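Novice: I have a structure I would like to understand better, so I am pasting it below and will then ask my questions one at a time.
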Amino acid sequence: MRKILLAASLALAAIIPAFALQPANPADANAWEIGPIDRRGNDSVGMPDRPTQGRRGWYFDFPYPNVGAGHVHYVTFQHGPLTGKRRIVMRYRVDAARGVRFVPRQTPQAPATISLYFQRRGDNWTARGRYAGYRWYAPVGSVREITPGEHEMVVEFDGRWTSVMGVPASQDPRGFREAMAEAHRVGFVLGSRDLRGHGVFATGPARLTVTSFQVI
Numbered sequence: 013m014r015k016i017l018l019a020a021s022l023a024l025a026a027i028i029p030a031f032a033l034q035p036a037n038p039a040d041a042n043a044w045e046i047g048p049i050d051r052r053g054n055d056s057v058g059m060p061d062r063p064t065q066g067r068r069g070w071y072f073d074f075p076y077p078n079v080g081a082g083h084v085h086y087v088t089f090q091h092g093p094l095t096g097k098r099r100i101v102m103r104y105r106v107d108a109a110r111g112v113r114f115v116p117r118q119t120p121q122a123p124a125t126i127s128l129y130f131q132r133r134g135d136n137w138t139a140r141g142r143y144a145g146y147r148w149y150a151p152v153g154s155v156r157e158i159t160p161g162e163h164e165m166v167v168e169f170d171g172r173w174t175s176v177m178g179v180p181a182s183q184d185p186r187g188f189r190e191a192m193a194e195a196h197r198v199g200f201v202l203g204s205r206d207l208r209g210h211g212v213f214a215t216g217p218a219r220l221t222v223t224s225f226q227v228i
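Take a look at the structure:
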């Protein structure tokens with residue numbers, strides 16, 4: 013009997029970690045977090061913690077009409093290790109009233125942008141020491157200006173990704189591999205080309221709907 017109980021316990025112990033590492037469902041709005049949220053609170057001021065589920069995907073509305081109304085920075089979900097993955101494919105739609113502009117919070121003279129992103133588990137958000145290689149942003153050529161319409165971003169996991177300190181993965185291949193192996197959150201950020209995740213607001217009513225997000 014003891015042998016049977018031991019075997020059952022070992023089998024359960026093997027199942028639980030495997031289950032815990034399964035990525036959240038990116039089609040489910042509740043799997044996503046609008047942030048980043050850390051010990052200081054939520055940097056996405058004026059935003060809900062989660063997007064809203066819709067009929068053709070999930071969405072959020074941009075704060076408007078000025079920076080005082082808020083701004084949206086990081087939109088991510090818990091994925092887990094990215095080892096063996098090849099690319100991210102994101103399809104989305106932006107709807108906005110006529111004449112509405114999208115404005116980066118810290119560089120209002122620049123075009124507002126959206127780009128893909130992933131983060132290593134255990135990041136303390138200082139970007140100092142070993143944490144300088146914990147946040148990775150998609151290649152600059154894949155960064156898109158936020159404009160109304162239907163859009164698609166397809167980004168390979170290659171040496172063109174850059175860390176939070178601007179170091180290309182090609183110059184820190186070990187750091188990039190380790191971040192992929194210990195990845196925790198995946199998603200996209202809003203800001204400008206120089207300040208990727210520093211937040212965006214709109215000058216009028218506007219909505220971003222994610223119709224598909226795949227890590228394959």
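Residue numbering for the sequence shown follows this note's numbering, beginning at 13 and increasing consecutively. Beta carbons: idealized from backbone N, C-alpha and C, even for Gly. Quick caveat, the model's predicted, so the values are computed rather than measured.
Are the CB atoms of T215 and P48 nearer to each other than 8 Å?
Specialist: No, the Cβ-Cβ distance between T215 and P48 is not below 8 Å.
Novice: Quick one: what's got a C-beta closer than 8 Å to A122's C-beta in the same chain, skipping five residues either side?
Specialist: Closer than 8 Å at the Cβ level, and outside the excluded window around A122, lie P116, S204, R205, D206.
Novice: I need the straight-line Cα distance from I100 to F114, nearest angstrom please.
Specialist: Rounded to whole angstroms, I100 to F114 spans 24 Å at the Cα level.
Novice: Assuming F188 is part of the alpha helix (DSSP H), what are its boundary residues?
Specialist: Run containing F188: 185-193, per the alpha helix (DSSP H) assignment.
Novice: Considering only residues of the stretch 73-143, which uninterrupted beta strand (DSSP E) runs meet the minimum length of 3 residues and lie entirely inside it, listed in chain order?
Specialist: Runs of the beta strand (DSSP E) inside the stretch 73-143: 86-90, 99-108, 114-116, 125-132.
Novice: With 8 Å as the threshold, decide whether the Cβ of H163 is near any Cβ in chain C.
Specialist: Here there is only one protein chain, and chain C is not present.
Novice: Taking Q34 as part of the beta strand (DSSP E), name the residues at either end of that continuous run.
Specialist: It is not in any beta strand (DSSP E) - Q34 carries neither H nor E in the DSSP assignment.
Novice: Quick check on this structure: which residue in G80, W148, G96, A124 has the alpha carbon closest to the alpha carbon of T88?
Specialist: Among G80, W148, G96, A124, the Cα nearest to that of T88 is on W148.
Novice: Apart from the five residues on each side of it in sequence, which residues of its chain come closer than 8 Å, Cβ to Cβ, to G82?
Specialist: Closer than 8 Å at the Cβ level, and outside the excluded window around G82, lie S56, V57, G58, M59, P75, F213.
Novice: Do G209 and H85 have their CB atoms nearer than 8 Å?
Specialist: Closer than 8 Å, so yes.
Novice: Need the endpoints of the beta strand (DSSP E) that H163 sits in, please.
Specialist: H163 -> beta strand (DSSP E) spans 161-168.
Novice: Can we say the stretch 171-186 touches the stretch 36-52, given the rule of at least three CB pairs closer than 8 Å?
Specialist: Cβ pair count under 8 Å is below three, so no.
Novice: Classify P120 as buried or exposed, calling it buried when 16 or more other Cβ atoms lie within 10 Å of its own Cβ.
Specialist: Exposed: under 16 other Cβ atoms inside 10 Å.
Novice: If you run the structure through DSSP and keep just helix, strand and coil, what is A150?
Specialist: DSSP places A150 in coil when its eight states are reduced to three.
Novice: Rounded to whole angstroms, what is the Cα-Cα separation between R156 and R51?
Specialist: In a straight line, the C-alpha of R156 is about 30 Å away from that of R51.
Novice: What's the C-alpha gap between E190 and G153?
Specialist: Approximately 24 Å, taken between the alpha carbons.
Novice: Name the residue from P151, R110, Y146, N136 whose alpha carbon lies nearest to the alpha carbon of T159.
Specialist: The shortest Cα separation from T159 among P151, R110, Y146, N136 belongs to R110.
Novice: Let me confirm a value: P63 is counted as buried when at least 16 other C-beta atoms fall within 10 Å, else exposed. Which label applies?
Specialist: It counts as buried.
Novice: Once the 5 residues before and after W70 are set aside, which same chain residues still bring their CB inside 8 Å of it?
Specialist: Only A39, D40, A41, W44, P63, T64, T221, V222 meet the Cβ criterion.
Novice: For the putative contact between A218 and D61, defined by C-beta atoms under 8 Å, what is the C-beta separation to the nearest angstrom?
Specialist: Between D61 and A218 the Cβ distance is about 20 Å, and since that is not below 8 Å, they are no contact.
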